[in-house]
Amino acid sequence: MRMRMKNQRVVVVWVLLLIGIIYLCTDRRTKYKDNVKALLAKDKLSTSTEGGQVRSLRDYYSYMEYHVNWKERNPEVFINKSHPFFKDRSDPVCDHSFHDKFRDNVNTVLKYSFSGIEKYLEYLGLDDNGIHRLTIKNGANDDVNETEIVIVTGTSSNHFAEFQGLVKNLRGTIFKQYKNVRLVFYNLGLTKSQLKRTIKYCNCEVRSFPIRKLPKHVSRPNTYAWKPVLIQLALKDFEQIIYVDTSFRFSAKNSLNTYLERSKMHGIQLPFDLRPVSTMTDERTFRFLGEEPCSFYGYTEAAAQIFIISRSEFTLQAVIKPLLSCALQFGCMAHPREVSLLSCHFEKVMHACHRFDQSVIGIIITRIFNVRRDLVTIDLPEIGSVQREDKANIFPSH
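Numbering follows numbering that gives the first Met the number 0, with no gaps: position 114 of the sequence shown is 113.
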């Protein structure tokens, strides 16, 4: 009898202790929510949306500030000093650094200044009203089934064989891996014969590119200003896209599902290269955006062969809009004599050459995520590789 009463008392003590722990955790969580609400009430840059399941700027701010450890410096996002490129070289001295708070870095990007491109942003759905309309459409299955994989690409006539190689690769990989795949192709300057063959044999959705409605420099292929435009044109119709260059080839066994889910969480996924952002970017681009080049020296440049992008208020406002604005305004992404800028002079530690779209997306993503850029990084071998010499002729010419 005494033993039973003793056991009962022990059980009661443990139950009371458990209740106390639950109360403390609940109280702490409630205080956190109250603090988040207070912060968001002061945040004039973030906006909310009505209807649909979307990630607003304020939702993303609270998620990133509560769930991400910003003191953790992932070494993979920084330059590997053992790489031969850095032999016998020293880092530039820099008194500038990124903000400690995620939202402050986002707000820096939101304050990038552009002019004379308002009509283009409105046409492409990236004015304030356009972004609102696009984000409230999320979750409404407006043009795409939730399980559909949307792959987007485009090319001109000189990469036609390379594009056929991509189609051949997709048929042997992604089209077998997923039941519902849509390939969207933008015609960037095919010949009449090439376009006819593409429409007949590609089994893809062929779209025209509205070059006459854009600034003149966008028509010059080597400015790469067309790529952000192409991406936004697709995001107007689809909640999630996979943009690929025609030179990209998917592996038969890949981890695409992982990056599709990460894209839904963080808005974008992309690979990065080996050299510093500031080495591979023209100084005029940094100056235009009001960024200090040496702040970016320790971070590797973005690679642009594949982007996985999910449409949200955060993605459109903080990533795509500044990227596209820079592409549209001559003197930001594109500069005079663009072909000469592609040649790298590696005797220079800073501004050895310019990578156009790679340079600008590298600045934006590094500014926003900096030490936790691993959250948006694709480990390229897990998905595929760039194979520029892999060409095909699978669209019959007769």
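All residues carry an ideal CB built from backbone N, CA and C; glycine is no exception. Please read these numbers as outputs of a predicted model, since none were measured by experiment.
When DSSP labels each residue in this structure, what does residue i get in the three-state scheme?
| i | result |
| --- | --- |
| residue 393 | coil |
| residue 381 | helix |
| residue 314 | helix |
| residue 174 | helix |
| residue 218 | helix |
| residue 60 | helix |
| residue 114 | coil |
| residue 337 | helix |
| residue 299 | strand |
| residue 159 | helix |
| residue 294 | helix |
| residue 31 | Reliability of the predicted coordinates at residue 31 is poor, the pLDDT of 34 falling under 50, and the value obtained from them is presented with this limitation in mind. Residue 31 falls in the helix class under three-state DSSP. |
| residue 134 | helix |
| residue 128 | helix |
| residue 284 | helix |
| residue 68 | coil |
Starting from residue i, follow the beta strand (DSSP E) in both directions and report where the run begins and ends.
| i | result |
| --- | --- |
| residue 247 | 247-249 |
| residue 357 | First-last for residue 357: 356-368, but that is the alpha helix (DSSP H), not the beta strand (DSSP E). |
| residue 207 | 204-207 |
| residue 308 | 305-309 |
Given that a residue counts as buried once 16 or more other Cβ atoms are within 10 Å of its Cβ, and exposed if not, what is residue i?
| i | result |
| --- | --- |
| residue 211 | exposed |
| residue 215 | exposed |
| residue 345 | exposed |
| residue 341 | exposed |
| residue 87 | Only weak support is given to the placement of residue 87: the predicted model assigns it a pLDDT of 42, under 50, and the value that follows is read from those uncertain coordinates. Exposed, because fewer than 16 other Cβ atoms sit within 10 Å of the Cβ of residue 87. |
| residue 361 | buried |
| residue 330 | exposed |
| residue 199 | exposed |
| residue 265 | buried |
| residue 289 | exposed |
| residue 115 | exposed |
| residue 95 | exposed |
| residue 311 | buried |
| residue 48 | Summary for residue 48: the model assigns pLDDT 34, below 50, so the residue's position carries little reliability; its value from the coordinates is reported in the next sentence. Residue 48 comes out buried. |
| residue 98 | exposed |
| residue 470 | The shown model of the chain, from 0 to 397, leaves out residue 470, and the question about it has no answer. |
| residue 137 | buried |
| residue 353 | buried |
| residue 65 | exposed |
| residue 302 | buried |
| residue 337 | buried |
| residue 393 | exposed |
| residue 127 | exposed |
| residue 102 | buried |
| residue 256 | exposed |
| residue 202 | exposed |
Measure how close the beta-carbons of residue i and residue j come, nearest whole angstrom, since I'm counting them as under 8 Å.
| i | j | result |
| --- | --- | --- |
| residue 181 | residue 204 | 6 Å |
| residue 390 | residue 160 | 4 Å |
| residue 375 | residue 268 | 6 Å |
| residue 133 | residue 315 | 6 Å |
| residue 125 | residue 319 | 7 Å |
| residue 282 | residue 334 | So it is not a contact: roughly 10 Å between Cβ atoms. |
| residue 247 | residue 165 | 7 Å |
| residue 358 | residue 93 | Not confirmed; about 18 Å, so no contact. |
| residue 419 | residue 218 | Past the boundaries of the shown model lies residue 419; the chain is included only from 0 to 397, so the question cannot be answered. |
So who's on the other strand from residue i, going by DSSP bridges?
| i | result |
| --- | --- |
| residue 181 | 149 |
| residue 243 | 305 |
| residue 268 | 307 |
| residue 278 | None, per the DSSP bridge assignment. |
| residue 168 | DSSP lists no partner for residue 168. |
Start and end of the alpha helix (DSSP H) containing residue i?
| i | result |
| --- | --- |
| residue 196 | 191-200 |
| residue 275 | Note, residue 275: premise wrong, no alpha helix (DSSP H); beta strand (DSSP E) at 271-275. |
| residue 262 | 255-265 |
| residue 231 | 225-234 |
| residue 108 | 101-109 |
| residue 387 | Here residue 387 belongs to no alpha helix (DSSP H), and DSSP marks it neither H nor E. |
| residue 326 | 320-327 |
The ligand GDP heavy atoms versus the CB of residue i: any closer than 6 Å?
| i | result |
| --- | --- |
| residue 396 | Of ligands this structure carries none, so the ligand GDP is not represented either. |
Any Cβ of chain B within less than 7 Å of the Cβ of residue i?
| i | result |
| --- | --- |
| residue 207 | Included in the structure is just one protein chain, with no chain B present. |
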